[in-house]
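*Asks:* Heads up, the sequence shown is in our numbering, so the first residue is 67 and it goes up one at a time. Idealized CB from N, CA, C, for every residue including glycine. Since the structure is predicted, the reported quantities are computational estimates derived from the model, not experimental observations. Before we start, here is the structure in question, set down as structure tokens.
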Amino acid sequence: MALFLMILRKMMNNKWLETSLLLGLVLSVALASSMPVYTNAILQRLLIQELRQLQLEGSQYPGIYWLSAQLGEDAEKKKISLPETDALMQEAGERFGLPLQAYVRERSTQRYGLLPAQSNKADPNKQRSADLTALDGMEEHIRLVDGRMPAKEPVDGVYEALIVNEALTELSMVLDGVFALRLQPGSEPVYVKPVGIFDRSDYGDLYWYNIPSSYKNSFLIDFDLFERDFTAGGKLNVQAGYWYAALDYSRMTLASASDFERADRTIQEHMDARYETHNKNAPAMQTLAAYYAKEKSLRTMLWSLNVPVMLMLAFYLYMVAALITDRQKTEIAVLRSRGASRLQIILSYAAEGLVLGVCALLLGPYAGVALTKMLGASSGFLEFVQRAKLEVNLNADAYVYALAAIGASLVMTLIPVFLATRLSITQHKQQSARKDTSSFWHRFGLDVILIGLALYGLYNYRTRMQDLLSLGLSSDDLRLDPLLFLIPALFILGTGLLVLRIYPWLIMLVYRAGRRWWPPSLYAAMLQVSRSIVQYQIIMVFLIVTIATGLYGASATRTINANTADKIRYAAGADITMKIRWENDAPPVILYSELQEEQEQEAVKPQAAAEEDAPPEPPRRTQYTEPSFLPFTQLPGVESAAKVFVRPGADLIKGKTSGSVQLMGIDTKAFGETAWMRSGLLDHHIRDYLNLIASRTSAVLISRTVAEEYGVKAGETVSIGWKGVEAIPFTVYGIIDYWPSWNPNPGSGSGSGTVEEKAGGPDGAKTSRPKLIVGHLSYIQNNLALEPYEVWLKLKPGAPSQAVYAAVKEQGFQIEELRDAKQEQIKAVKEPFQLAINGVMTLGFLISVCICFFGFLLYWVLSLHARTLQYGIFRAMGISLPQLIGMLAAEQVLISGAAIAIGMGTGSLTSRLFVPLFEMSFDPKTQVPPFQVLFDPRDETRLYIIVGFMMLFGLSILAYIVSRIRIHQAVKLGED
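Pasting the structure below:
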């Protein structure tokens, strides 16, 4: 206890330094513990969203777990295996780690032939077959449509049963008609009588795995009666058993997902051991299978994103620990001279670190929870939105990460102590009399090493990117390599250190160039900075890395977000695109397929001689009725609307050559007002091309792929048609490289996607590049065919999409296809990797600013206290307080201002070199428009405001401290 009190007393003597060290530890623990918390929270949200989407798309509850088993002839084996499976599934809720919402057991006999016992109630000549089925607890989930509930015991040897309404028609029977089952000769007769018709009492009841109509060949009797007479009694052959559990999937977490998989393996092993044939249906299993890979990728991504911040925290902890050690070096040297071993001294400081570590462990994880909530609200760099809160929970992994962070931080804080214990009292006095001329990173060439590693990584990535783009290799839509964040951090740090290596020479050059004219305050400031640059290098590194990382993070997040949004908007073509059902005379699908078969059969029959001379009958064309387009232009929230006809697989004919192209028909004015196109993709603005073809209805624009493959030039004529439609001439007015919704990249699936063969046979086959022709819709409809077109809508700013959907339905239109670019962008922003980039970049910058602020104040406050005598002498010499503050401001400009300028230059250079590498993260087949690096002045403005406020606030505190210095105190200090 006495030792503990001594440690606390020692820490109180350096309370501000110890508090600063505690702050760094808390932030380190918070950042580390936020990683597993955030990973679990975001994957939890995405898991529930995908399960809900599964329910919407598949119309099946995602929480179901259904088993079926085909039973053999061995009655004794059934008596053992069925109860064992019942007991196993009865514990489904506990095994799966989720609340059990419904549990159903079902038994079914084999299907038997039915003979009516009363010929006046059923046709004896009708062939019928049915089974006897029992569902446990069914009575509580049904309503009677007709008749009554069956008895729970046979009545006069007849089993009373419930049936569904469809069974009356399927089995040609009426209620209260008795049927005998066709059994093996010598078997005891079994009679069954339907006495009631039932339906579900609640159509949203999770009890029902199958809809009632699926029991149209079944008689449903009491479950206990079924078990006694058939399962145990053996009167009929029980052919199948079913088990169904409905679990509350909304309570599923990654932890319960592991329980779910373990329970599934246990159940499958149980079923394999007891049944030769069995099946299962668990829709959630496929969704869960992909989550462990996502979790691993996301954890790796978070670590890589947090590397720069971790480096900052490590620098900060080392800096504060070094300051504490510097103030106690004399004490350490004295202890060494009195016989204390290096290990004993290090252990005493380790005890101090453990006290702070325990405090950080108590506070850090909760701070990590707060950081996680901040991550969930980020939609861009330093941008936050109101979004549903992440469900954040502290778990064991968070504390494991916290302990690891404390351990690593403790090692960082003990490094200065380890170095200090090497010196005796004599060596310490000798070292105190000397000044360091260079820092250890410059002595060992750390700046050159870091830059070399970063440039090597840049070279490798550029080589890979060229291969990826030139070969058209496939990749995921957003496959971010963690090294894309680590290598720029190394480059930023290395470049900052390299500039600081030459910075003292620049200061000396400026000093000598104007030393005849510098005022005393600036003269003294330059001397102080040039002679003590090593003392300020850590602060300068902090500021350089903060500014540069902030600029790089802003550029990276802005570029990724913007390119993702541009990709979605370009692929859609407009804010909303939809295809409306047109009334037509096409036969139903089944009849149409039968008609095709008849036509094929007729085609192979021999034709009469007279018919041979007759021209072949053209294929039948479907006639469409175009709905009114005016209502689309008057929808609420719609700024403009356009008709866009898209015909893939159209035939282009030029001379003796022909090929397959995609034909697009538009109304030039409406299309120009509605479609979205990023500037710079075409040689001229898109409206210039639309104005070019507006003067002539037969004018078209062709893609460059058409021009190159068919040798077509502006002014030439080509013919276009398609199967069943005779080709007509068009005149080429212009050549385009991109067009809204059209992807020109090979293998993208856009366009015809036909395969052309090189000379030499099919071995040289290649996939043709997509080709596009854009013409007037009116000319196509009048001269080719009237077929359904797409409706493109541009919404007013802030207009909700749901209002448009509702208005379209109110107008009576039936939507066959729909694409909403705004909703897709919202979904993309909520994607976990996108959230990680936006959130962690913002969080990392804010933590860096916080660390820099406290480090900045700490350094300058200690520097002022160390130079109290110098400032007192300046005042005694007649230098006024404003001049003294001006001297301090000049030092700030030469140190902090220079660091900010270096950080700006380093961040801009890093962005231009490394942000283009993110093009590798996007699939080149689908990334249209091409990848573009963006710099938003608003990001830089926000960055400078934050850093400027930090500098101004810090300078104000320093000025206040200087103003409190008393001359007599300084002189007395000098005498002491």
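Going by other Cβ atoms of all chains shown within 10 Å of its Cβ, with 16 needed for buried, is Phe737 buried or exposed?
*Replies:* Residue environment: Phe737 is assigned as buried (16 or more neighbouring CB atoms within 10 Å of its CB, all protein chains considered).
*Asks:* Find out if the Cβ-Cβ distance for the pair Thr343, Ala135 is shorter than 9 Å.
*Replies:* yes
*Asks:* Considering just the uninterrupted stretch of the beta strand (DSSP E) at Ala865, what are its terminal residues?
*Replies:* Taken as a continuous stretch (DSSP letters only), Ala865 belongs to no beta strand (DSSP E), as it is neither H nor E.
*Asks:* Going by beta carbon distance, what residues of the same chain come within less than 8 Å of Ala387, once the five residues before and after it are set aside?
*Replies:* Leu87, Met478, Thr479, Leu480, Ile481, Pro482 and Val483
*Asks:* Pick helix, strand or coil for Ser407, following the three-state DSSP scheme.
*Replies:* coil
*Asks:* How many Å lie between Ile966 and Tyr357 at the Cα?
*Replies:* Going by the C-alpha atoms only, they are around 42 Å apart.
*Asks:* Can you name the start and end residues of the alpha helix (DSSP H) that Ser785 belongs to?
*Replies:* Taken as a continuous stretch (DSSP letters only), Ser785 belongs to no alpha helix (DSSP H), being part of the beta strand (DSSP E) at Thr783 to Trp788.
*Asks:* What would DSSP say about Val458, mapped onto helix, strand or coil?
*Replies:* Reduced to three states, the DSSP call for Val458 is coil.
*Asks:* Between Met743 and the rest of its own chain, which residues show a CB-CB distance below 6 Å, the 5 nearest in sequence each way excluded?
*Replies:* Ile752 and Pro806
*Asks:* State the Cα-Cα distance for the pair Ile346 and Tyr131, rounded to the nearest angstrom.
*Replies:* Note on residue identity: the sequence assigns Lys, not Ile, to residue 346. Distance between the alpha carbons of Lys346 and Tyr131 is about 7 Å.
*Asks:* How many whole angstroms separate the CB atoms of Ser724 and Gly715, which I take to be in contact at a CB cut-off of 8 Å?
*Replies:* Ser724 to Gly715, Cβ: 12 Å. No contact.
*Asks:* Grab me the residues of Val778's own chain with a C-beta within less than 7 Å of its C-beta, minus the 5 sequence neighbours each way, in chain order.
*Replies:* If we look at Val778 and ignore the five residues flanking it on each side, its Cβ neighbours are Lys720, Ile768, Val772, Val784 and Val798.
*Asks:* Whole angstroms are fine: how far does the CA of Ala708 sit from the CA of Leu756?
*Replies:* 14 Å
*Asks:* Look at the alpha carbon of Arg266 and the alpha carbon of Arg647, and state the distance between them as a whole number of angstroms.
*Replies:* 34 Å
*Asks:* For Phe698, collect the residues of the same chain with a Cβ closer than 6 Å to its Cβ; drop the 5 residues on either side in sequence, then sort them by chain order.
*Replies:* Ala707 and Val857
*Asks:* Rounded to whole angstroms, how far is the Cβ of Lys282 from the Cβ of Ala233, which I believe are closer than 8 Å?
*Replies:* 5 Å
*Asks:* With H, G and I counted as helix, E and B as strand and the rest as coil, what does DSSP make of Lys571?
*Replies:* A small correction: the amino acid at residue 571 is Trp; Lys does not occupy that position in the sequence shown. Here Trp571 sits in helix by DSSP.
*Asks:* Sorted by chain position, which residues of the same chain lie with C-beta nearer than 7 Å to Asp886's C-beta, five sequence neighbours on each side aside?
*Replies:* Ile642 and Ser867
*Asks:* Runs of 3 residues minimum, wholly inside the region 191 to 259: which ones carry the beta strand (DSSP E) assignment?
*Replies:* 195 to 201, 208 to 213, 224 to 229 and 245 to 247
*Asks:* Which full runs of the alpha helix (DSSP H) of 4+ residues lie inside the region 949 to 1028, going along the chain?
*Replies:* 964 to 980
*Asks:* Would you list the residues sitting across from Val840 in a DSSP beta bridge?
*Replies:* Met730 and Leu767
*Asks:* Output the boundary residues of the beta strand (DSSP E) element that contains Asn1043.
*Replies:* The requested residue 1043 is not part of the displayed model; the chain covers only 67 to 1042.
*Asks:* Three-state secondary structure (DSSP) at Glu823?
*Replies:* For Glu823, the pLDDT reaches just 36, beneath the cut-off of 50, and the residue's location in the model is therefore unreliable, although a value from the coordinates is still provided. If DSSP states are grouped into helix, strand and coil, Glu823 belongs with the strands.
*Asks:* Should the region 592 to 603 be called in touch with the region 406 to 419, which here means at least 3 C-beta pairs below 8 Å?
*Replies:* no
*Asks:* Which partner residues of Ser174 appear in the DSSP bridge assignment?
*Replies:* Thr199 and Ala306
*Asks:* Under a three-way DSSP split, which group does Ala902 fall into?
*Replies:* helix
*Asks:* Please confirm whether Leu180 and Ala227 have their CB atoms less than 9 Å apart.
*Replies:* It is not a contact, given that the beta carbons lie outside the stated cut-off.
*Asks:* Tyr602 and Ile917: beta carbons closer than 9 Å?
*Replies:* no
*Asks:* Looking at C-beta atoms only, is the number of pairs between the region 552 to 568 and the region 928 to 936 that lie closer than 8 Å three or more?
*Replies:* no
*Asks:* Less than 9 Å between the C-beta atoms of Leu859 and Leu701, yes or no?
*Replies:* yes
*Asks:* Does DSSP put Thr691 in a helix, a strand or coil?
*Replies:* strand
*Asks:* Which residues in the same chain as Gly952 place their Cβ atom closer than 7 Å to its Cβ, once the five residues preceding and following it in sequence are excluded?
*Replies:* Ser587
*Asks:* Could you give the distance in angstroms between the alpha-carbon of Leu117 and the alpha-carbon of Gln126?
*Replies:* 10 Å
*Asks:* Taking the Cβ atom as the reference point for each residue, do Phe911 and Leu1009 lie within a distance shorter than 9 Å?
*Replies:* yes
*Asks:* In angstroms, rounded to a whole number, what distance separates the CA positions of Leu559 and Ala640?
*Replies:* 43 Å
*Asks:* Tell whether a beta-carbon distance below 9 Å holds between Phe608 and Ser407.
*Replies:* no
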